[in-house]
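The UniProt record's numbering applies: residue 1 is where the sequence shown begins, and numbers increase by one.
The beta carbon of each residue, even a glycine, is placed where N, CA and C say it ideally should be.
Worksheet: the structure to be examined is printed underneath.
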Amino acid sequence: MAEIVQQRIENRIPELEQLERVGLFIKIYEVVLKATALEYKLHRLIITKVDFIAYIQYEINVLELIKKRRSRIGYQFKREEIEFSIISRINNIFRRATTKWKDDVQLWLSHIAFCKKWNTQGELSKVFSSMLAIHPEKPALWIMAAKSELEDRNSSESARHLFLRALRFHPESKKVYQEYFRMELLHTEKLRKQQKKLEQAEMDFSPEIMTGKLAEVVYRDASGKIQGADFILSLLTIAAIFDFTKDLQDTIIQDLQSKHTDDSLTWDFMAKRELGATVGEELQSAKGRASDMARREERCYQVYEEGLNSLSTEAMWACYVSFCLERFKRKTNVQQLKEKRQERLLAVLQRAHDSSLLKEDFYKNWLQVLLSSGDSEQTAAVAMAATQRYRQSVDVWCLALQTMVRLGSGATGKLFQDALTHVNPKSSLPLWQLQVEWSMTSQSPEATEALFQRGLLSAVPAVSMEIKEKYLDWSFGAGGYKKARKTFTSLHENRPFSKAFFTRMIQMEKDQVSRVTMYGETRTNQNQIKCIYKALLTSTDIAKCCTETQPKTPNSKQCRSRSTVARKNSLERPEFRKKPSEEPGYEGWPDLFWLCRV
1 MAEIVQQRIE
11 NRIPELEQLE
21 RVGLFIKIYE
31 VVLKATALEY
41 KLHRLIITKV
51 DFIAYIQYEI
61 NVLELIKKRR
71 SRIGYQFKRE
81 EIEFSIISRI
91 NNIFRRATTK
101 WKDDVQLWLS
111 HIAFCKKWNT
121 QGELSKVFSS
131 MLAIHPEKPA
141 LWIMAAKSEL
151 EDRNSSESAR
161 HLFLRALRFH
171 PESKKVYQEY
181 FRMELLHTEK
191 LRKQQKKLEQ
201 AEMDFSPEIM
211 TGKLAEVVYR
221 DASGKIQGAD
231 FILSLLTIAA
241 IFDFTKDLQD
251 TIIQDLQSKH
261 TDDSLTWDFM
271 AKRELGATVG
281 EELQSAKGRA
291 SDMARREERC
301 YQVYEEGLNS
311 LSTEAMWACY
321 VSFCLERFKR
331 KTNVQQLKEK
341 RQERLLAVLQ
351 RAHDSSLLKE
361 DFYKNWLQVL
371 LSSGDSEQTA
381 AVAMAATQRY
391 RQSVDVWCLA
401 LQTMVRLGSG
411 ATGKLFQDAL
421 THVNPKSSLP
431 LWQLQVEWSM
441 TSQSPEATEA
451 LFQRGLLSAV
461 PAVSMEIKEK
471 YLDWSFGAGG
481 YKKARKTFTS
491 LHENRPFSKA
501 FFTRMIQMEK
511 DQVSRVTMYG
521 ETRTNQNQIK
531 CIYKALLTST
541 DIAKCCTETQ
551 PKTPNSKQCR
561 SRSTVARKNS
571 LERPEFRKKP
581 SEEPGYEGWP
591 DLFWLCRV
């Protein structure tokens, strides 16, 4: 090992001598010591990836330092003897690392990034070849290698060769075909630019290549292996970027209309295409432009209607509604156009709902439009219809309940009960939160307290914990400090335990302490706060026992005995008290106080 390290250090002597001679480095021995230490780490019996990365980073830092010092002193010679030697050594270290950790793609990508930064094109091609030989199953790496050949080395042939090899491993990869199609169009565009520059030289260029026939060959092959209107539309979007692909675009559109009429994306594309169609000269007045836009939108609606006649599916209705909604949200100063868009949107939403093909998300938009128009009766009807359509959806029930609360409906309470009946209890927390907020603002205190009592009996821990915390807050707001203490006393031992429940009560006690001190009284509630902290620690210990030892039987004998021990240990009184009535702070809180003194 020592001989190999010594040989590698001696190989540095020519570059170190040059660094010292030209004045870029002065203390050469420090570089030698650091390099020796790093080399020895790479020759241990157990080597790690971190050692290789540290060595590479050190060498890159040396390169950056040399670059800065060259710029400072203005010396730009002897690069082959200095920088090239260091770059070659870094590439060698990278090769040793990737040979040992072949599966680490990030290490390969780091080597590629280094080669690109320091412009080592020959080494870059070798790295890509080695990486693809080990990781041929990753299409992204093939695309990266082909792009590097096309952009960095300006070699369309090499890029095409890599794409063809990639298609052997991934014959049905959409991304590979898309990038191959784009590469052929970029190659054609480059040739067309060269043709314009060399027109005077009378050089011959193949007309098939200049019109994008190679890209059309790629499209034919891709469309034969990969079915789906979304993939064809992605190729059409790429072709639309280039100004010489009109014939190719027409070919793609014809195939789309003839082979993919059973896909809603085809009809959606054909309809939106009518918006870009220009008929006659551009109008100058606002009303003229609005009328022209109305005619274009009407042609779009006709295409959608034609699509619905042959393909009445949920996806088709979603495309139609999305288009109407997008046109409705567009700002316009012409009130007639705005009203016409709203009328069309509401009609399409109603038809989709009647067909039972309206998606859940569109009901929210429907209710918003109706609320903005002021039609309360229709809004309530749509809200109820949405709950009938999606009975088990929490979002739909919340949306309908919020709408009914906003309208001030008298059947809101019954609607809350129906929602809790149909929805899965494990996901009913948003409904409980909404019902509690509604009850606190719209119902009597007795009805609200009864609602809290029902929520505490929920079998879902998240619901009962949330209800317990809100119950404490409501008690403090409705009945003050004494009612909050009474609520806490009755609930602090009930499962499931909630840390927020205890901390809120502690904060109330602290506020009460500051209030008592402000009025000049000397007695505080520090003992009560201490009791709450001990009760919190007890509940935490019991919950931990139930979770770790008996997760399915929290009321087992082992858990009950542990809770008793925890209560005795955590609530032990500090000193003996003979008369309970003489205990400071006894008034107003006897139950919990003497629970803490037992």
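Taking 7 Å as the threshold (C-beta atoms), are residue j and residue i in contact?
i           : j           : result
residue 215 : residue 172 : no
residue 296 : residue 326 : no
residue 323 : residue 235 : no
residue 307 : residue 366 : no
residue 5   : residue 59  : no
residue 240 : residue 248 : no
residue 496 : residue 461 : yes
residue 360 : residue 409 : no
residue 316 : residue 372 : no
residue 294 : residue 337 : yes
residue 231 : residue 174 : yes
residue 465 : residue 498 : yes
residue 463 : residue 432 : yes
residue 407 : residue 381 : no
residue 364 : residue 399 : yes
residue 609 : residue 90  : This structure gives no information on residue 609, because the portion of the chain shown stretches from 1 to 598.
residue 229 : residue 260 : yes
residue 207 : residue 169 : no
residue 608 : residue 449 : Past the edges of the chain, shown from 1 to 598, lies residue 608, and the structure says nothing about it.
residue 428 : residue 415 : no
residue 389 : residue 422 : no
residue 303 : residue 271 : yes
residue 383 : residue 412 : no
residue 42  : residue 28  : no
residue 607 : residue 36  : Any question about residue 607 goes unanswered here, given that the chain covers just 1 to 598.
residue 115 : residue 109 : no
residue 134 : residue 100 : no
residue 143 : residue 179 : yes
Report the CB separation of residue i from residue j in whole angstroms; it is logged as a contact under 8 Å.
i           : j           : result
residue 504 : residue 456 : With a Cβ gap of about 16 Å, residue 504 and residue 456 do not count as contacting.
residue 87  : residue 18  : Residue 87 to residue 18, Cβ: 15 Å. No contact.
residue 98  : residue 107 : 6 Å
residue 481 : residue 508 : 7 Å
residue 150 : residue 141 : That belief does not hold up - the Cβ atoms of residue 150 and residue 141 are roughly 15 Å apart, past 8 Å.
residue 287 : residue 334 : 7 Å
residue 52  : residue 112 : Rounded, the Cβ-Cβ distance is 16 Å, inconsistent with contact.
residue 401 : residue 434 : 6 Å
residue 357 : residue 313 : 7 Å
residue 269 : residue 233 : 6 Å
residue 252 : residue 219 : 7 Å
residue 68  : residue 22  : In fact, because the Cβ distance is near 14 Å, the residues do not count as touching under 8 Å.
So, at 6 Å on beta carbons, what are the nonlocal neighbours of residue i in its own chain, with the 5 sequence-adjacent residues on each side left out?
i           : result
residue 341 : 327 and 328
residue 451 : 439
residue 599 : Lying outside 1 to 598, the shown extent of the chain, residue 599 is not represented and no answer is given.
residue 445 : 478
So, for residue i: in the same chain, excluding its five sequence neighbours on each side, which residues have a beta-carbon less than 8 Å away from its beta-carbon?
i           : result
residue 3   : none
residue 70  : 24 and 76
residue 483 : 475 and 476
residue 242 : 185, 188, 189 and 212
residue 20  : 26 and 28
To which residues of the same chain is residue i closer than 7 Å at the C-beta, ignoring the five residues directly before and after it?
i           : result
residue 572 : Low per-residue confidence applies at residue 572: pLDDT is 38, beneath 50, and the placement is therefore not dependable, though the value from the model is reported in the following sentence. Nothing meets the Cβ criterion.
residue 226 : 172, 174 and 177
residue 348 : 320, 321 and 324
residue 212 : 185, 188, 244, 245 and 248
residue 156 : 150 and 187
residue 378 : 370
With a cut-off of 7 Å, does the C-beta of residue i fall near any C-beta of chain B?
i          : result
residue 73 : Protein chain content of the structure displayed is limited to a single chain, and chain B is not contained in it.
**Q.** Runs of alpha helix (DSSP H) wholly within the region 182-267 (minimum 4 residues, chain order)
**A.** 207-210, 213-225, 229-239 and 246-259
Q | Secondary structure, alpha helix (DSSP H): runs of 4+ residues fully inside the region 2-41 | A | 2-10, 13-21 and 28-41
(Q) What ranges does the alpha helix (DSSP H) occupy inside the region 55-112, keeping only unbroken runs of at least 4 residues that lie completely in it? (A) 83-100
Q | Residue ranges of each beta strand (DSSP E) within the region 423-481, 3 or longer | A | none
Q: Mind listing, in chain order, the continuous alpha helix (DSSP H) runs of no fewer than 4 residues lying wholly within the region 125-176?
A: 139-151 and 156-169
(Q) Could you tell me which whole alpha helix (DSSP H) segments of length 4 or greater appear in the region 276-315? (A) 286-310
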